Structures are given as C-alpha cells and as structure tokens.
Amino acid sequence: MNTYLKDLYNNVRGVLIDPALFWKEKKAGYLTNSKLLAGYLIPLIVFAALGVFAGGLFRGSLFYLLFPVMKAVRKIVLFAVYYIIMVYIIKELMPAFGIKKDLRTARDLAAFSLTPVLIISFFTGLFPFLYILDILGIYGFYIFWKGINELPDFNERGQFSYFLMIIIAGLLVYGLLSIILSKLLTVIL
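For the sequence shown, the working numbering begins at -13 and goes up steadily by one.
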C-alpha cells in the first residue's frame, strides 16, 4: 500500500511539475490499462469525489446525506464518462493527422491530462468559494500538448491542428456532460 501511494504521488507530482520529463519517462516505460486505471485515474477520481462529498456535508444547516452523495456520484460519473469519450476521440482523430491509431497513447494522454482538473476539483468541492480556481484546469491542455510532442510521431504541421481539435472536443464534451449530469441530479433530487 505504501508503494502504491508513493507511485501515485510521484506520478501526480511528475505530470504537474515537469510534464515534458514525465512524458519522456512514460515513453520509455509502459503502463498497462489496469495499472493506469487502478493505480492512477480511479484514485484521483475518487479523491475529487471525496472533496465534493466532504464539502457538501459541511454546507447547510442540516445534516443531509443524500445531496452530497449524489454530487460525489455525479463527479465520478462525469470524469469516468469524460475519460472514456476522450480516449475514443483522441484515438479516432489520430489517422486524420497522419498517425496510426494507438489506444495506449490515447489512454495515457486522456488520463494524465485530467490530473489538474481532478486535483482542483477536490479543493473546489471542499471549499466552493474557490471555484474561480477551476480555470487552472486548463493546465491539462499544456500537459496534453507536451504529451503529443513526446508520445506519437506527429508531423510539425499536423500537431497544432490535432491539439486544437482535441481542445475543442474536450471542452464540448465536458460542458455537455456537466450540463446533462447537473440536470439529471436536479431531476433526481
């Protein structure tokens, strides 16, 4: 358990502090899908959801458990579905820019570029008055940019176009999922 948490911490720190070096190291090593999900993405999604849950418990004058639980579940579903959709989009857009489809690269790019959003979601869920910090989640686009510079063999001209397409798709998918899940939560409660 100690090495598990240490690996998770080192990966989060590495991707946030020096994404270029992080991607160079990931290029040499290989994470299986189960290690990527169980050892990185799922713990971070649960971490973000715990922040939302704890923040929901502390707000309000009554101890109302259903609302924080539903908000935490909404956050888990949001990030899980966003990850799945973005892996598909990243992989399917690769051939349009002269790259063969690579599921492993798409999974890595989608998971590690979500890191800033997941970390920030913990703090903004716990302390809602910090929601202005959500803008720092765009650092994930920089992590993605560094990843496409290191992982796949993009030509220089197609690289920026691919990056812009992924940014647009990512913002649209995240926005639509947020709206749909918020409306669904409102209907349920």
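Glycine included, C-beta positions come from ideal geometry on N, C-alpha and C.
What you are looking at is a predicted structure, and each value in this text was computed from that prediction instead of being measured.
If residue i sits next to residue j, beta carbons under 8 Å apart, how far is it from one beta carbon to the other, in whole angstroms?
i: A97; j: L158; result: The pair is not a contact, with the Cβ atoms about 19 Å apart (cut-off 8 Å).
i: I85; j: D139; result: 7 Å
i: I152; j: F130; result: 7 Å
i: A100; j: S164; result: Note that residue 100 is Leu in the sequence shown here, rather than Ala. L100 to S164, Cβ: 14 Å. No contact.
i: A6; j: E142; result: The pair is not a contact, with the Cβ atoms about 17 Å apart (cut-off 8 Å).
i: L95; j: I76; result: 6 Å
In angstroms, rounded to a whole number, what distance separates the CA positions of residue i and residue j?
i: F127; j: A92; result: 14 Å
i: A0; j: D(-7); result: It should be noted that the sequence gives Gly, not Ala, for residue 0. One C-alpha to the other measures close to 10 Å.
i: I71; j: I154; result: 13 Å
i: M80; j: Y148; result: 8 Å
i: L122; j: G25; result: 24 Å
i: Y(-10); j: F115; result: 32 Å
i: Y69; j: I62; result: 11 Å
i: L51; j: F39; result: 9 Å
i: L104; j: T172; result: 23 Å
i: Y74; j: L162; result: 16 Å
i: T110; j: L119; result: 7 Å
i: F44; j: F113; result: 9 Å
Nearest chain D C-beta to residue i closer than 9 Å, yes or no?
i: Y26; result: Absent here is chain D; the protein component of the structure consists of one chain.
- Message: Under 8 Å: do the segment 30 to 37 and the segment 152 to 168 share three or more Cβ pairs, one atom per stretch?
- Response: As far as the Cβ criterion goes, the segment 30 to 37 does not touch the segment 152 to 168, which means the pair count is below three.
- Is it true that the segment 72 to 86 meets the segment 17 to 24, where meeting means three or more beta-carbon pairs spaced less than 8 Å apart? The segment 72 to 86, when compared against the segment 17 to 24, does not touch it at the 8 Å Cβ threshold.
- alpha helix (DSSP H) runs contained entirely in the segment 75 to 145, provided each spans 4 or more residues: You should have 89 to 99, 101 to 112, 125 to 136.
- Query: Which parts of the segment 9 to 77 are runs of the alpha helix (DSSP H), unbroken and 4 residues or longer, counting only runs that do not cross its ends?
  - Reply: Qualifying alpha helix (DSSP H) stretches, in chain order: 19 to 22, 28 to 44.
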